[in-house]
Each structure stands twice: as structure tokens, then as C-alpha cells.
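The block underneath contains the structure these notes are about, expressed in C-alpha cells.
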Amino acid sequence: MSTDIETRRCEVCDAVIPPERVKALPGTWLCIECSEEHGGDFVYTAKQENLGKAGSLKLNYGGVTVTKKRRVIRKGRG
Ligand SMILES: [Zn+2]
Numbered sequence: 001m002s003t004d005i006e007t008r009r010c011e012v013c014d015a016v017i018p019p020e021r022v023k024a025l026p027g028t029w030l031c032i033e034c035s036e037e038h039g040g041d042f043v044y045t046a047k048q049e050n051l052g053k054a055g056s057l058k059l060n061y062g063g064v065t066v067t068k069k070r071r072v073i074r075k076g077r078g
């Protein structure tokens, strides 16, 4: 038996993160418990792009840019 995913440990509590979770969220470094506690691994920021010309009354929204950032976890324990 072989797994293509290495055993990953939670960066907060050092618990083993289930491979299924790593597979679903390759960027995760938190176990489910800590992820819920902190509100997830990532912070999504949606920024609306305004492509309208300055001074124009007509707003031309070109779209929304979603920025995905890793949440900074403060290790307060220990
Ligand atoms: Zn954890």
C-alpha cells in the first residue's frame, strides 16, 4: 500500500491531518479541529474592480478579484 500524500501534521496542535482532508485541501496545514477554531486555513478577500473612468458617473464593474491568503495562525499555546 502506498499513499501519494505524506503524513501531515497540524501546525498548531501537531495532530495528524487526515489524508482525505489534505487531498481535498492541499494547502491546509491545520487539522479539522483547529481549522474550525480559527475559521479556516484561508482568508478570502473579494475586491470589486471598478473599470469606470475617473469622473464618470457610470460605474463599470469589470469583475471581482478574489484573493486567497493563508490565514496567519497565532500560536498562543506553549
Ligand atoms: Zn490542530
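Note that the sequence shown covers residues 1 to 78 in the numbering used here. Built from N, CA and C at the ideal position, the CB exists for glycine as well.
Using only the alpha-carbon positions, how far apart do Ile17 and Trp29 sit?
Taking the sequence shown and counting its residues from 1, one reaches residue 17 at position 17. Taking the sequence shown and counting its residues from 1, one reaches residue 29 at position 29. Taking the straight line from one Cα to the other gives about 8 Å.
Any idea what DSSP makes of Arg70, helix, strand or coil?
The residue you call residue 70 lines up with position 70 of the sequence shown. Note: Arg70 maps to strand in three-state DSSP.
Quick one: does Arg71 have its CB under 9 Å from some CB of chain B?
Absent here is chain B; the protein component of the structure consists of one chain.
Near ligand 1: Val12 beta-carbon under 8 Å from a heavy atom
Sequence index remark: in the sequence shown, residue 12 carries index 12 (1-based). Correct: Val12 has its Cβ closer than 8 Å to ligand 1.
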